[in-house]
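Chemist: Questions regarding the structure given below will be posed in turn.
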Amino acid sequence: MATFKGAAWSARMHANVGWTQTSRQALSSVLANVAIPNRNQLPPHCYLTFAGQNPAPMALKNYLKVASWVDSLRRPTGAGFGLTALNAIAGGLFGNGHFADSLIAQIEHGGVSVEIYYVSGYEV
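Numbering (the working numbering), first residue to last: 25 to 148.
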């Protein structure tokens with residue numbers, strides 16, 4: 025993964041939960057937009073955070089427009105997952121499948137965190 029000023033990886037979260045049948049089911053529920061009671065049973069994950077930058081650096085914009093992982097972004101709507109709302113521009117772009125442009129618009133609005141459960145198909 026490329027590194028840019030203002031982008032950082034978090035430590036591994038929920039490592040104590042592990043990848044179990046229960047944690048996989050919790051993540052499956054989230055991805056199917058099914059409400060979960062809380063985040064406690066989610067499997068291990070990391071956050072890729074981007075500091076808010078307006079305008080976003082051209083190198084970051086160019087990278088996000090070609091990074092294959094951006095096409096895998098999802099925004100589950102089930103209760104209990106706790107997503108922060110996107111700004112109006114980013115939300116519209118995301119809803120129309122323009123994931124890179126949505127991410128850029130949100131970075132230009134403020135800080136962004138992307139919750140990562142898989143890297144290259146492998147569980148975090």
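Cβ coordinates follow ideal geometry from the N, Cα and C atoms, glycine included.
(1) Hey, leucine 127 and leucine 88: beta-carbon distance below 7 Å or not?
(2) Alpha carbons only, please: which of Phe105, Ser34, Ala124 and Ala50 is nearest the one belonging to lysine 23?
(3) Please determine, among Ala114, Ala56 and His122, the residue with the shortest C-alpha to C-alpha distance to alanine 103.
(4) Just verifying my parser: in three-state terms, what is the DSSP assignment at serine 47?
(5) Which residues does DSSP pair with leucine 72 in a beta bridge?
(6) Whose CA, out of Gln65, Leu110, Gly42 and Phe74, lies closest to the CA of tryptophan 33?
(7) Would you report the Cα separation of alanine 50 and tyrosine 71, rounded to the nearest angstrom?
(8) Does DSSP put valine 143 in a helix, in a strand, or in coil?
(9) Can you give the Cα-Cα distance for glutamate 132 and proline 79, rounded to whole angstroms?
Modeler: So, from the listed chains and residues:
(1) For the purposes of this step, residue 127 is taken as residue 103 along the sequence shown, with counting starting at 1. For the purposes of this step, residue 88 is taken as residue 64 along the sequence shown, with counting starting at 1. Taking 7 Å as the Cβ cut-off, leucine 127 and leucine 88 qualify as a contacting pair.
(2) Nothing can be reported for residue 23: it is not among the residues displayed for the chain, which extend from 25 to 148.
(3) Walking along the sequence shown from the start, residue 103 turns up at place 79. The option with the nearest alpha carbon to alanine 103 is Ala56.
(4) Translated into the one-based positions of the sequence shown, residue 47 becomes position 23. Reduced to three states, the DSSP call for serine 47 is helix.
(5) Indexing the sequence shown from 1 puts residue 72 at position 48. DSSP, once it has assigned bridges, lists Trp33 and Val138 as partnering leucine 72.
(6) As a working mapping, residue 33 is identified with position 9 in the sequence shown. When each option's Cα is compared against that of tryptophan 33, the closest is Phe74.
(7) Position 26 of the sequence shown, counted from the first residue, corresponds to residue 50. Position 47 of the sequence shown, counted from the first residue, corresponds to residue 71. Taking the straight line from one Cα to the other gives about 18 Å.
(8) To locate residue 143, count along the sequence shown from 1; it is residue 119. The answer is strand: DSSP assigns valine 143 an E or B state.
(9) Here residue 132 corresponds to residue number 108 of the sequence shown, with the count starting at 1. Here residue 79 corresponds to residue number 55 of the sequence shown, with the count starting at 1. C-alpha separation (whole angstroms): 6 Å.
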